[in-house]
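Novice:
In this note's numbering, the protein residues as written are 1 to 74.
This is how it looks when you write it as structure tokens:
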């Protein structure tokens with residue numbers, strides 16, 4: 001995302017617009033296909049919804065255990 005205005009876009013940008021700056025590589029076809037499936041399956045209407053969906057999925061998948069699960073209380 002290069003700016004807040006991108007959240008209003010109503011379709012997934014073309015694959016050429018995706019770039020991983022950490023790895024300095026383009027998005028592969030399989031990942032783009034997955035993004036298209038998610039957009040369709042969850043009836044996403046704009047990039048804001050796609051962004052939020054991505055963050056929620058990441059938060060669930062990367063969930064950090066709560067302190068009660070880390071420490072044993074005596």
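Each residue gets a CB set at the ideal place from its N, CA and C atoms; glycine is no exception. Owing to the predicted nature of the structure, the values given are computational and were not obtained by experimental measurement.
As a quick exercise: from 51, 23 and 28, pick the residue whose alpha carbon is nearest that of residue 96.
Specialist: What is shown of the chain runs 1 to 74, which leaves residue 96 out entirely.
Novice: Please classify residue 47: is it buried, with 16 or more other beta-carbons within 10 angstroms of its beta-carbon, or exposed?
Specialist: Taking the chain shown and counting its residues from 1, one reaches residue 47 at position 47. Buried, since its Cβ has 16 or more Cβ neighbours within 10 Å.
Novice: Under the DSSP definition of a beta bridge, which residues are partnered with residue 26?
Specialist: One-based indexing of the chain shown puts residue 26 at position 26. The partner list for residue 26 (beta bridge, DSSP) reads 19.
Novice: So, at 8 Å on beta carbons, what are the nonlocal neighbours of residue 8 in its own chain, with the 5 sequence-adjacent residues on each side left out?
Specialist: Here the question's residue 8 lines up with position 8 in the chain shown. Around residue 8: 46, 47 and 48.
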